[in-house]
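Asker: The listed protein sequences derive, respectively, from chains R and H.
The opening residue of the first sequence carries number 25 in the numbering used here; numbering runs sequentially from there.
The opening residue of the second sequence carries number 25 in the numbering used here; numbering runs sequentially from there.
There are 2 protein chains.
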Amino acid sequence: MSSEKLAPRTRRPRRKKGSSPKAETKRQKILDSAAKLFSLQGYAQTKLSDIAKEAGTHAGSLYYHFKSKEDLVQDVLGMTMSLLSNAVMAKVNELPETATPSERIAAGIQAHVLHILQRGFYTQAYMKIIDQVPAHVRRAYVMAPRAYGNYWRGLLEGARQAGELRTDLNPTILRLLLLGSITWMLEWYKPDGPLSADQIADEVTKLFFDGARKR
Amino acid sequence: MSSEKLAPRTRRPRRKKGSSPKAETKRQKILDSAAKLFSLQGYAQTKLSDIAKEAGTHAGSLYYHFKSKEDLVQDVLGMTMSLLSNAVMAKVNELPETATPSERIAAGIQAHVLHILQRGFYTQAYMKIIDQVPAHVRRAYVMAPRAYGNYWRGLLEGARQAGELRTDLNPTILRLLLLGSITWMLEWYKPDGPLSADQIADEVTKLFFDGARKR
DNA sequence: GTCTATACTCAGATAGAC
DNA sequence: GTCTATCTGAGTATAGAC
Numbered sequence: 025m026s027s028e029k030l031a032p033r034t035r036r037p038r039r040k041k042g043s044s045p046k047a048e049t050k051r052q053k054i055l056d057s058a059a060k061l062f063s064l065q066g067y068a069q070t071k072l073s074d075i076a077k078e079a080g081t082h083a084g085s086l087y088y089h090f091k092s093k094e095d096l097v098q099d100v101l102g103m104t105m106s107l108l109s110n111a112v113m114a115k116v117n118e119l120p121e122t123a124t125p126s127e128r129i130a131a132g133i134q135a136h137v138l139h140i141l142q143r144g145f146y147t148q149a150y151m152k153i154i155d156q157v158p159a160h161v162r163r164a165y166v167m168a169p170r171a172y173g174n175y176w177r178g179l180l181e182g183a184r185q186a187g188e189l190r191t192d193l194n195p196t197i198l199r200l201l202l203l204g205s206i207t208w209m210l211e212w213y214k215p216d217g218p219l220s221a222d223q224i225a226d227e228v229t230k231l232f233f234d235g236a237r238k239r
Numbered sequence: 025m026s027s028e029k030l031a032p033r034t035r036r037p038r039r040k041k042g043s044s045p046k047a048e049t050k051r052q053k054i055l056d057s058a059a060k061l062f063s064l065q066g067y068a069q070t071k072l073s074d075i076a077k078e079a080g081t082h083a084g085s086l087y088y089h090f091k092s093k094e095d096l097v098q099d100v101l102g103m104t105m106s107l108l109s110n111a112v113m114a115k116v117n118e119l120p121e122t123a124t125p126s127e128r129i130a131a132g133i134q135a136h137v138l139h140i141l142q143r144g145f146y147t148q149a150y151m152k153i154i155d156q157v158p159a160h161v162r163r164a165y166v167m168a169p170r171a172y173g174n175y176w177r178g179l180l181e182g183a184r185q186a187g188e189l190r191t192d193l194n195p196t197i198l199r200l201l202l203l204g205s206i207t208w209m210l211e212w213y214k215p216d217g218p219l220s221a222d223q224i225a226d227e228v229t230k231l232f233f234d235g236a237r238k239r
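1. Residues in its own chain within less than 7 Å of R/Leu119 by CB, not counting five upstream and five downstream?
2. What residues of chain H sit near R/Leu179, judged by a beta carbon separation below 9 Å?
3. Using the beta-carbon count (16 or more within 10 Å), is H/Pro169 buried or exposed?
4. Do H/Gly66 and H/Ile153 have their C-beta atoms closer together than 8 Å?
5. Which word fits R/Glu227, buried or exposed, when buried means at least 16 other C-beta atoms lie within 10 angstroms of its C-beta?
6. Could you tell me which whole alpha helix (DSSP H) segments of length 4 or greater appear in the region 53-93 of chain H?
7. I'd like to know if the region 54-64 of chain H and the region 144-152 of chain H are in contact, where contact means that at least 3 CB-CB pairs between them fall below 8 Å.
8. Please report the residue range of the alpha helix (DSSP H) in which H/Asp226 lies.
9. Is any beta-carbon of chain H found at less than 8 Å from that of R/Thr124?
10. Opposite H/Leu189 in the DSSP bridges: which residues?
11. CB R/Ile75 to CB R/Leu86, shorter than 8 Å?
12. Could you round the C-beta distance between H/Arg184 and H/Thr191 to whole angstroms and report it? I think they count as a contact, below 8 Å.
13. Taking the alpha carbon of H/Val97 as the point to measure from, which residue in H/Leu138, H/Asn117, H/Ala68 has its own alpha carbon closest?
14. Quick check on the DSSP output: the alpha helix (DSSP H) that includes H/Tyr146 runs from which residue to which?
15. Could you tell me which chain H residues have their CB closer than 7 Å to the CB of R/Asp234, listed as they occur along the chain?
16. Looking at the structure shown, is H/Tyr172 part of a helix, part of a strand, or coil, going by DSSP?
17. Looking only at its own chain, which residues have a Cβ that is under 7 Å from the Cβ of H/Ala221, when we skip the five neighbours before and after it?
18. For H/Tyr165, which of helix, strand or coil comes out of DSSP?
19. Classify H/Lys303 as buried or exposed, calling it buried when 16 or more other Cβ atoms lie within 10 Å of its own Cβ.
20. If R/Trp208 sits next to H/Gly204, beta carbons under 8 Å apart, how far is it from one beta carbon to the other, in whole angstroms?
21. In whole angstroms, what separates the C-alpha of H/Gln52 from that of H/Gly182?
22. Which first and last residues belong to the alpha helix (DSSP H) in which R/Gly217 is found?
23. Quick one: list the residues of chain H neighbouring R/Ala68, beta-carbon separation under 9 Å, in chain order.
24. Take R/Leu179 as the anchor and find which of R/Glu48, R/Ala123, R/Leu72, R/Asp56 has the nearest alpha-carbon.
25. My output table needs one value for H/Glu121: the three-state DSSP class, helix, strand or coil.
26. Could you tell me the alpha carbon to alpha carbon distance between H/Lys202 and H/Arg162, rounded to whole angstroms?
27. Using 8 Å as the threshold, is the C-beta distance between H/His156 and R/Gln223 below it?
28. Would H/Gly182 count as contacting chain R if we go by Cβ distances under 8 Å?
29. When you compare each of R/Phe90, R/Pro215, R/Phe232 to R/Ile206 by their alpha carbons, which one comes out closest?
30. Might you give, ordered along the chain, the residues of its own chain that have their beta carbon closer than 6 Å to the beta carbon of R/Gln134, omitting 5 neighbours on each side?
31. I'd like to check one pair, R/Lys91 with R/Leu72: are the Cβ atoms closer than 8 Å?
32. So R/Arg190 contacts chain H; which residues on that side make the cut at Cβ distance below 9 Å?
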């Protein structure tokens, strides 16, 4: 059950006829540039000319690849959650059959933290701009995190069933607090800080399982 | 040491000469309206005409009270952290002398959660728009949360000194994870959800102190 | 103090040459 | 496919009446 990937969000299921591999490469470069700038500056603050410059082209040229700025941001959002959830699921699925549910959770935490702190401009962009895009765009893309949330629900539920988690905590709140504390890292994490992303993931895991109280 | 308030951020230390109590009231209403709309829609998405409408006036009229939209948002940001930290400090200071450091932390969590979920349009606006305002504005206001962060640092350090918290967790990360999980509530909390703000605060406290593992 | 009308600016979008 | 030049609309800001 944990092995199937989330359905890829295919807003643009087929290439425009006539678009070449070259165009596809350029298109990808534009998306990467957009994700980067959105993550750093937000949606409204990022001008198409900024994105074009980052991608080595000009504002007007973007319109060969995208209908509008809104169209562009939708593609960025569309790629985001599948990148993250695929990374997390892959890591969890790497575990041996004998892994306990708690070990699966720990692996998921690790993978999620590393993904958002190290790789993903896309994830960072998503978190930053999901609140900034037009409402109808947002509505179309909040389903993606929900699917990912369901994956975590399963992870936690598995551990609970196995008797590894306390039963006096609301499972939904538990999940939201865990993922929230990780998501918020994007606001304070600095790559050159004293702790590595790996170490930070360990701290989260320890706190999540055992709390901060001395015993 | 926990009783002094954070220095109020006084961008506008004195009234413009000639400004009346009436103007001051109106000004406040405009700020409240702006905080509300910023928290709901973000910075760029909120037009001055929206704010004016909400405050029962017109876009042009705002310029009697504020030099610019940027000036207005700075006042909103300026009020935010002091409202939050005053609420939290007040609650913590209400505790009897005999309260343990852990009880102080629990009270702080409670107050912070209730404040952002129930009251504060200002806090919600702050969280939402701090990433959306021009960089030089942001720079001027990131100090405010830092001061609040220091208050929490003290709260946690007190408990650690008293031997109530484990010492194998990085205190800074611990603080950021705790406050992050709370901050992120603004993204998922719905007033009509199954759990009250009070109950959610309890869940956070339990998870923070004792973790999710079954014992 | 607040209104209405209007000027200005910025950035998204389009057209057409190459 | 990409460029430059240009159009247009939205929204901030100003002016001047009341």
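Cβ atoms here follow ideal geometry from the backbone N, Cα and C, with glycine treated the same way.
Computed from a predicted model, the values in this text were never measured in an experiment.
Answerer: The relevant details are as follows:
1. The beta carbon of R/Leu119 sits closer than 7 Å to those of Glu127, Arg128, Ala131, all from its chain and outside the five residues before and after it, given in chain order.
2. Chain H residues near R/Leu179: none, gap ~12 Å exceeds 9 Å.
3. Classification of H/Pro169: buried, given that the 10 Å Cβ count is 16 or more.
4. Taking a C-beta distance under 8 Å as the contact criterion, H/Gly66 and H/Ile153 qualify as a contact pair.
5. Buried, by the Cβ-count rule.
6. Along the region 53-93 of chain H, the alpha helix (DSSP H) occurs as fully enclosed runs of 4 or more residues at 72-78, 86-89, listed in sequence order.
7. The answer is yes - the region 144-152 of chain H touches the region 54-64 of chain H, with three or more Cβ pairs under 8 Å.
8. Counted as a single uninterrupted DSSP element, the alpha helix (DSSP H) harbouring H/Asp226 occupies residues 221-234.
9. R/Thr124 is outside the set of residues whose beta carbon lies under 8 Å from a beta carbon in chain H.
10. DSSP lists R/Arg237 as partners of H/Leu189.
11. Result yes, Cβ atoms of R/Ile75 and R/Leu86 sit closer than 8 Å.
12. Going by Cβ atoms, the distance from H/Arg184 to H/Thr191 rounds to 7 Å, so yes, they are a contact pair.
13. The residue with the shortest Cα to Cα distance from H/Val97 is H/Ala68.
14. H/Tyr146 -> alpha helix (DSSP H) spans 145-153.
15. Result: Gly235, Arg237.
16. Correct three-state label for H/Tyr172: helix.
17. The answer, listed in chain order, is Val137, Leu138, Leu141, Gln142.
18. For H/Tyr165, the three-state secondary structure derived from DSSP is helix.
19. Any answer about residue 303 of chain H is impossible in this case: the structure gives chain H only from 25 up to 239.
20. H/Gly204 and R/Trp208 do touch by the CB rule: their CB atoms are close to 3 Å apart, below 8 Å.
21. Near 38 Å, if we compare the C-alpha coordinates of H/Gly182 and H/Gln52.
22. No alpha helix (DSSP H) holds R/Gly217; DSSP gives it neither H nor E.
23. Result: Gly66, Tyr67, Ala68, Gln69, Gln156.
24. Cα-wise, what sits closest to R/Leu179 is R/Ala123.
25. In this structure, DSSP gives H/Glu121 a state outside helix and strand, which the three-state scheme calls coil.
26. The sequence given here places Leu at residue 202 of chain H; Lys does not occur at that position. Straight through space, the alpha carbons of H/Arg162 and H/Leu202 are spaced by roughly 23 Å.
27. According to the sequence as given, residue 156 of chain H is Gln; it is not His. Going by C-beta atoms, H/Gln156 is not nearer than 8 Å to R/Gln223.
28. So, not an interface residue.
29. Closest in alpha carbon position to R/Ile206, among R/Phe90, R/Pro215, R/Phe232, is R/Phe232.
30. Answer for R/Gln134: Ala225, listed in chain order.
31. No, the pair does not count as a contact, with Cβ atoms beyond the cut-off.
32. What R/Arg190 touches in chain H: Lys230, Asp234, Gly235, Ala236, Arg237, Lys238, Arg239.
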